[in-house]
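Reviewing the structure listed below.
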Amino acid sequence: MSIWEKLTSIPREVIMGLVVIAILIPALNPLGLPLMVGSMSENWYDTVDSLPAGSIVLFDIGYGSGGYPSLGPGNIAAFHQMFAKNLRIVMMATALEGSMMYPLIMAGVKPESNYGAVYGEDYIFLGYIAGGQTAMAGVLGDLKSLVSSDYNGNPISGYSIMDNVGGADDIDLVAYMTTSGDTAEGWVYQAYSQYNRALLGGCLSMMTTSIKPYYDSGQLLGIMDGIKGAADLEFLTGHPGDAIVSSDILSFTQTLVLIFILVGNVAFWMQKGGGK
Amino acid sequence: MDYRRDIPLAITFIVGVIAVLDYYTTFESVTNTFTVIKNWGVVLQAFALGLGAVNLFRIHGKRISERTRDDWMFSGWLLLMLVLFVVVGLGTGQYDASTSYQWIYNSLFLPLGATMYSSLAFYMAYGSYKVLRARNFEAALLFITAVLVIIGNTPIFPATFPVFFHIREWIFGPIVSGAYRGIRIGVGIGAVVLGIRTLVGLETGYLGRR
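So the protein lines, in turn, are chains P and R. The first sequence begins at 1 in this note's numbering and counts up one residue at a time. The second sequence begins at 1001 in this note's numbering and counts up one residue at a time.
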């Protein structure tokens, strides 16, 4: 077997083993490799930054355990910015597991100790609302007729943040982070098309191509593009966390993948050309 | 008259017309009626989750009782976990907000979910190496685009050479967004046609197999 033949059929175990090494090196020893903040994240940050204190944000935690490594750090950074700006956040979850992500995110943000925020006055979590786009339409249409209690089972009428929040007209910004394509597009249809609300979307990197057209047309004002977007937000908000460490890992692993692709192609063409 | 067919069709027609009226008009009575319908929709979909759990018991219960497949023990484990989560959630009275429930979730499900998703990285690395070969002209176009997007998505390259960021943005702009817009417009027109056909009772696939 020639060297080129060997290079076109590197065993799976070797490639995966090298990927493990490429993950472990920056994970164990973060290098702080340079980062270029993308325009989609910058626009997310600027949109939130332009809101006056006290504005109401409807935030959908639309992901679960599978999406948490990619979207969780970005969600934490986004909340850091919102709480620092004294925005009032009404959180909900269109993903079944979203309500399980809430405590993890709040443990990272610590709104009470970091920003003096008070549950029920500055933020509230309504829990999981079934129905996908029906739930979005219901919340934006007449929230109080759809939701009567918060995540903890307490009546929302007892919380001051809900005094003036009845539907889309009372919401200044809708933001979501999701692993579902239906949810990502659903919010565009329900919040932007129906009510012309300012809208921000966060999704896995592999989904960005499908929601970018809405960003290009101005329906989405910003996109948090997976772990790369999360790293951008951590950088912009000044709260470095898991995403910035992960961007080192991304740099290592994706460079390795790139090398494999190039080696595979060079070997393929050398083999085809009869090279030995 | 076939009641099993005609009654669902009539309900679909009435609900569909109210939804369309709600979008295009500002009559308070229509808005209020549609709000009630949306709330019913949410309740129905929540109910469907319960139905899903019953279905899981039916299918996996059968697998356990028959034991014809080698993986019947996984069905048992699935039902055991399902019962555990339900018992802990209901037992504490706080459902998924209870600390016990969160502890089980964070200890069992969260690492498994993250692992499943993360394991994709290994298969994508191997898949890219095996599949992205410039064998012909079309494959070469895909290869070049993929390489440029990977370079643009790898944080260190755009940070060092910003031109890669702009190349990626250009690929994502005119090429990807342009193509995707065409797809979305096609899907949108299809959805309108499907909606009209459903409203007038020509589309009956959602009624299930008869």
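Ideal Cβ placement from N, Cα and C applies to all residues, glycine included.
#1: Would you check if the stretch 35-43 of chain P and the stretch 257-273 of chain P touch, i.e. whether three or more CB-CB distances between them fall below 8 Å?
#2: What does leucine 146 of chain P reach in chain R if we use C-beta pairs closer than 9 Å?
#3: For isoleucine 76 of chain P, which residues from the same chain have a beta carbon less than 6 Å from its beta carbon, with the 5 sequence-adjacent residues on both sides left out?
#4: How would you list, in chain order, the residues of chain P whose beta-carbon sits under 7 Å from the beta-carbon of proline 1008 of chain R?
#5: From P/Val19, P/Asp169, P/Gly202, P/Asp216, pick the residue whose C-alpha is nearest to that of isoleucine 1171 of chain R; which is it?
#6: Can you pull the chain P residues whose beta carbon is under 8 Å from the beta carbon of threonine 1160 of chain R, in chain order?
#7: I need the DSSP call for isoleucine 61 of chain P, collapsed to helix, strand or coil.
#8: Can you give me the C-alpha to C-alpha distance between isoleucine 1151 of chain R and leucine 256 of chain P, rounded to a whole angstrom?
#9: Helix, strand or coil for threonine 237 of chain P per DSSP?
#10: Give me the Cα-Cα distance between methionine 16 of chain P and isoleucine 23 of chain P, rounded to the nearest whole angstrom.
#11: Apply the 10 Å Cβ neighbour rule to aspartate 49 of chain P and answer buried if 16 or more other Cβ atoms are within range, or exposed otherwise.
#12: Report yes or no: is there a C-beta of chain R within less than 8 Å of the C-beta of lysine 6 of chain P?
#13: Looking at tyrosine 63 of chain P and leucine 96 of chain P, is the spacing between their C-beta atoms short of 8 Å?
#14: From the DSSP output, read off the bridge partner residues of isoleucine 56 of chain P.
#15: Which residues, taken in chain order from the stretch 143-167 of chain P, show a beta carbon closer than 8 Å to some beta carbon of chain R?
#16: Report yes if the CB atom of leucine 140 of chain P is closer than 8 Å to the CB atom of glutamine 190 of chain P, and no otherwise.
#17: Taking arginine 12 of chain P as the query, report the chain R residues whose CB atoms sit under 8 Å from its CB, ordered along the chain.
#18: Show which residues of chain P have a CB atom less than 8 Å away from the CB atom of glycine 1113 of chain R.
#19: Sort P/Pro240, P/Asn29, P/Met136 by Cα distance to glycine 167 of chain P and report the nearest one.
Reading from the atomic positions:
#1: no
#2: Thr1035, Lys1038, Asn1039, Val1042
#3: Ile105, Gly108, Val109
#4: None at all; the shortest Cβ gap to chain P is about 18 Å.
#5: P/Asp216
#6: Pro34
#7: strand
#8: 11 Å
#9: helix
#10: 10 Å
#11: exposed
#12: no
#13: no
#14: P/Arg88
#15: Ser145, Leu146, Tyr151, Asn152, Gly153
#16: yes
#17: Tyr1126
#18: Gly64, Ser65, Gly66, Tyr68, Glu97
#19: P/Met136
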